[in-house]
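Chemist:
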Amino acid sequence: MPSSRFSSTRLPIRRTRLRTALMALALAAALPAVVSPAWIHARSTQSPVARHERPTPAHEVGRFKVTDLEWFDAGRQRRVPARLFWPAAAQAGKVPLVVFSPGIGSSRDGYTYLGRYWAEHGVASLHLQHVGSDRSLWRGSVFGLIDRLRSAASESEAIARVEDARFALDRLLDSRLGVSIARQQIAAAGHSFGANTTLLEAGATVTRHGRTLNFRDPRISAAILISAPPFYGDADLGPILASVTIPTLHITTEEDIIRIPGFGSDLTDRQKVFDATASRFKVLAIYREGSHNVFTDRRHFDSAEVAEAVKSATQELTLDFLESVNGKPRALATWADPRRVQVAKFVVQR
């Protein structure tokens, strides 16, 4: 008979701790993008008409409004939820837009520190939720978590993410707010798996059976790539990223490491992505501290001080990059200053 110290009052605590530990491990190893020619196949990039659009009532926070959008792509029978951060003082044709794709296991309510900051400075952002790789992954048995993560990084979900982004941008531009969006100032951004989604939107190409496949959205004029993993299975990234010619901002840290068999990557891989990207104007920022997950809203492996410093720097840097792309070339001038102790390396190539 079990000892009293293993009574039912202790078991829930032990199970909770086990679940927390395993979920933390999974977050540390959260699969980045599996974007490889081994799985890309031909598929239409046209966005079907939405069956319905159901926005929730917008609520205003300071100088911006936040609206949750419940879209449905009838052609793919797939939900495309999104959260819109919209500047309160928007003017027709004057609002820059960022379409943001989260990492695996995140939903539209993540990365709010970016959405809020951008909106406070006049930049709208549409934060996507990819239903095949969102927060629902954390539900269910903890022992099946790794399998669910692998499924979320499948070829079909990777392609579906790009189609989600195209569909959502179609819907927003066709809405009553579309007239206020500056069509020449639409950027794509993403973290981890979302950064690879962004690269595909920006023009990354692969070749299968002699056929070149391109998922580029020509409306995207700049890309922000946070902790972008490599394209697994391909040692030479040059042919894949040679067609990414729009301005790109690459952000990472010296501690940006993903540890999982078959999908591991680190700072060296982030630098390879930067080097292979053929952008005429590209920027690389490497912070001294911060885990792979420091860029999310949650803090699992970083001190409060490090998390705050990284998020603050990322807010400022991304906005400066967008301003530089959109006609203010001096916006990035101070980032190479050695007094910016958070930044270990800063490179601008024009």
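With this note's numbering as the guide, the letters of the sequence shown map in order to residues 301 to 650.
C-beta: ideal position from N, C-alpha, C; glycine also.
Model, not experiment: these values are computed from the prediction.
(1) In whole angstroms, what is the alpha-carbon distance linking GLN649 and ALA523?
(2) Do ILE526 and GLY490 have their CB atoms nearer than 8 Å?
(3) How long is the line joining the alpha carbons of ARG379 and ASP368, rounded to whole angstroms?
(4) Going by beta-carbon coordinates alone, are ASP385 and ARG416 separated by less than 8 Å?
(5) According to DSSP, simplified to helix, strand and coil, what is LEU567?
(6) From the DSSP output, read off the bridge partner residues of TYR413.
(7) Measuring alpha carbon to alpha carbon, tell me which of LYS394, GLY440, VAL506, GLU554 ends up nearest HIS421.
(8) Take ARG483 as the anchor and find which of VAL506, ILE459, ASP517, ASN496 has the nearest alpha-carbon.
(9) Apply the 10 Å Cβ neighbour rule to THR552 and answer buried if 16 or more other Cβ atoms are within range, or exposed otherwise.
(10) Rounded C-beta distance between SER398 and VAL423? I'm assuming under 8 Å.
(11) Give me the residue from PHE574, PRO539, ALA487 with the minimum Cα distance to PRO529.
(12) Per the contact definition of three or more C-beta pairs closer than 8 Å, is the segment 502-512 in contact with the segment 460-471?
(13) For HIS352, count the other beta carbons within 10 Å of its own beta carbon; 16 or more makes it buried, fewer makes it exposed. Which is it?
(14) Quick one: give me the first and last residue of the beta strand (DSSP E) that LEU428 is part of.
(15) Determine the DSSP secondary structure at ASN626, reduced to helix, strand or coil.
(16) Using the C-alpha atoms, what's the distance from PRO629 back to ALA389?
(17) Taking only the alpha-carbon atoms, compute the straight-line gap between PRO638 and ASP373 and give it to the nearest angstrom.
(18) Among ARG640, LEU619, GLN642, which one has its Cα closest to the Cα of ALA631?
(19) Pull the bridge partners of ALA487 from the DSSP assignment, please.
(20) Considering Cα atoms alone, identify which of ILE557, ALA502, ARG570 is closest to ALA542.
(21) Terminal residues of the continuous alpha helix (DSSP H) containing PHE493?
(22) With three or more beta-carbon pairs closer than 8 Å as the criterion, would you say the segment 536-550 touches the segment 578-595?
(23) Taking GLY405 and ARG435 to be in contact with their CB atoms under 8 Å, please state how far apart those CB atoms are, rounded to whole angstroms.
(24) So, helix, strand or coil for GLN615, using DSSP?
(25) With a 10 Å radius around its C-beta and 16 neighbouring C-beta atoms as the bar for buried, classify SER456 as buried or exposed.
(26) Report the three-state DSSP secondary structure of ILE557 (helix, strand or coil).
(27) Can you find a C-beta in chain C that's less than 8 Å from the C-beta of LEU617?
(28) Reducing DSSP to helix, strand and coil, say where PRO539 ends up.
(29) Give the C-beta separation of ALA607 and VAL594 to the nearest angstrom, bearing in mind that I take them to be a contact with Cβ-Cβ under 8 Å.
(30) Rounding to the nearest angstrom, what Cα-Cα distance links ARG461 and PRO402 in this structure?
(31) Could you check which residue in LYS611, ALA636, GLY564 has the C-alpha nearest to that of GLY410?
(32) Out of PHE646, TRP635, PRO381, LEU622, which has the shortest C-alpha to C-alpha gap to TRP418?
(33) Just verifying my parser: in three-state terms, what is the DSSP assignment at PHE581?
(34) Work out the CA separation of LEU499 and GLN391 for me, nearest whole Å.
(35) Looking only at its chain, what residues have a beta carbon closer than 7 Å to the beta carbon of ASP569, apart from the 5 residues adjacent to it on each side?
(36) Can you grab the Cα-Cα spacing for the pair GLY590 / ASP556, in whole Å?
Modeler: This is what the structure gives:
(1) Counting from 1 along the sequence shown, the entry for residue 649 is found at position 349. Counting from 1 along the sequence shown, the entry for residue 523 is found at position 223. Looking at the two C-alpha atoms, the distance is approximately 15 Å.
(2) Counted from its first residue, the sequence shown places residue 526 at position 226. Counted from its first residue, the sequence shown places residue 490 at position 190. Cβ distance < 8 Å, so ILE526 and GLY490 count as in contact.
(3) Working through the sequence shown from its first residue, we reach residue 379 at position 79. Working through the sequence shown from its first residue, we reach residue 368 at position 68. Whole-angstrom Cα-Cα distance: 13 Å.
(4) Here residue 385 refers to the residue found at position 85 when the sequence shown is read from its first residue. Here residue 416 refers to the residue found at position 116 when the sequence shown is read from its first residue. The residue asked about is misnamed: residue 385 is Phe in this sequence, not Asp. Closer than 8 Å, so yes.
(5) Taking the sequence shown and counting its residues from 1, the one referred to as residue 567 is at position 267. LEU567 falls in the helix class under three-state DSSP.
(6) Reading the sequence shown from its first residue, position 113 is the one you call residue 413. According to DSSP, which records beta bridges pairwise, TYR413 is partnered with nothing at all.
(7) One-based indexing of the sequence shown puts residue 421 at position 121. Residue LYS394 is the option with its Cα nearest to HIS421.
(8) Along the sequence shown, read from residue 1 onward, the residue named residue 483 stands at position 183. Of the candidates VAL506, ILE459, ASP517, ASN496, the one whose C-alpha sits nearest the C-alpha of ARG483 is ASP517.
(9) Position 252 of the sequence shown, counted from the first residue, corresponds to residue 552. When all chains shown are included, THR552 counts as buried.
(10) Counted from its first residue, the sequence shown places residue 398 at position 98. Counted from its first residue, the sequence shown places residue 423 at position 123. Inspection of the sequence shows that residue 398 is occupied by Val rather than by Ser. The pair is a contact, with the Cβ atoms about 6 Å apart (cut-off 8 Å).
(11) For the purposes of this step, residue 529 is taken as the residue at position 229 of the sequence shown. PRO529 has its Cα closest to that of PHE574, out of PHE574, PRO539, ALA487.
(12) no
(13) Within the sequence shown, residue 352 is the residue found at index 52, counting from 1. Bear in mind that the predicted position of HIS352 carries a pLDDT of just 39, short of 50, making it too unreliable to give a figure here.
(14) Along the sequence shown, one-based indexing puts residue 428 at 128. From DSSP, the beta strand (DSSP E) with LEU428 extends over 424-428.
(15) Residue 626 sits at position 326 when you count from the first residue of the sequence shown. If DSSP states are grouped into helix, strand and coil, ASN626 belongs with coil.
(16) Reading the sequence shown from its first residue, position 89 is the one you call residue 389. Reading the sequence shown from its first residue, position 329 is the one you call residue 629. Looking at the two C-alpha atoms, the distance is approximately 24 Å.
(17) Numbered from 1 along the sequence shown, position 338 holds the residue referred to as residue 638. Numbered from 1 along the sequence shown, position 73 holds the residue referred to as residue 373. So the alpha carbons of these two residues sit roughly 48 Å apart.
(18) Translated into positions along the sequence shown, residue 631 becomes position 331. It is LEU619.
(19) Here the question's residue 487 lines up with position 187 in the sequence shown. Bridge partners of ALA487: VAL398, ALA522.
(20) Translated into positions along the sequence shown, residue 542 becomes position 242. Nearest option by C-alpha distance: ALA502.
(21) Taking the sequence shown and counting its residues from 1, the one referred to as residue 493 is at position 193. 493-502 is the span of the alpha helix (DSSP H), which, as asked, contains PHE493.
(22) yes
(23) Here the question's residue 405 lines up with position 105 in the sequence shown. Here the question's residue 435 lines up with position 135 in the sequence shown. Going by Cβ atoms, the distance from GLY405 to ARG435 rounds to 6 Å, so yes, they are a contact pair.
(24) Position 315 of the sequence shown, counted from the start, is the residue given in the question as residue 615. GLN615: helix per DSSP, three-state reduction.
(25) The sequence position of residue 456 within the sequence shown is 156, counting from 1. Exposed, since its Cβ has fewer than 16 Cβ neighbours within 10 Å.
(26) The sequence position of residue 557 within the sequence shown is 257, counting from 1. Coil at ILE557, not helix or strand.
(27) No chain C is part of this structure, which consists of one protein chain only.
(28) Along the sequence shown, read from residue 1 onward, the residue named residue 539 stands at position 239. Three-state DSSP puts PRO539 in a helix.
(29) Along the sequence shown, one-based indexing puts residue 607 at 307. Along the sequence shown, one-based indexing puts residue 594 at 294. Correct: roughly 6 Å between the Cβ atoms.
(30) For the purposes of this step, residue 461 is taken as the residue at position 161 of the sequence shown. For the purposes of this step, residue 402 is taken as the residue at position 102 of the sequence shown. Straight-line Cα distance between these residues: approximately 10 Å.
(31) Residue mapping note: residue 410 aligns to position 110 of the sequence shown, counting from 1. If we check each option's Cα against that of GLY410, LYS611 comes out closest.
(32) Locating residue 418 in the sequence shown gives position 118, counting from the first residue. Checked all of PHE646, TRP635, PRO381, LEU622; the closest Cα to TRP418 is LEU622.
(33) Locating residue 581 in the sequence shown gives position 281, where the first residue counts as 1. Note: PHE581 maps to coil in three-state DSSP.
(34) As a working mapping, residue 391 is identified with position 91 in the sequence shown. As a working mapping, residue 499 is identified with position 199 in the sequence shown. Their Cα atoms are separated by approximately 30 Å.
(35) Mapped onto the sequence shown, residue 569 falls at position 269. So the list reads PRO529, PRO530, once near-sequence residues are dropped.
(36) Residue mapping note: residue 590 aligns to position 290 of the sequence shown, counting from 1. Residue mapping note: residue 556 aligns to position 256 of the sequence shown, counting from 1. Rounded to the nearest angstrom, the two C-alpha atoms are 7 Å apart.
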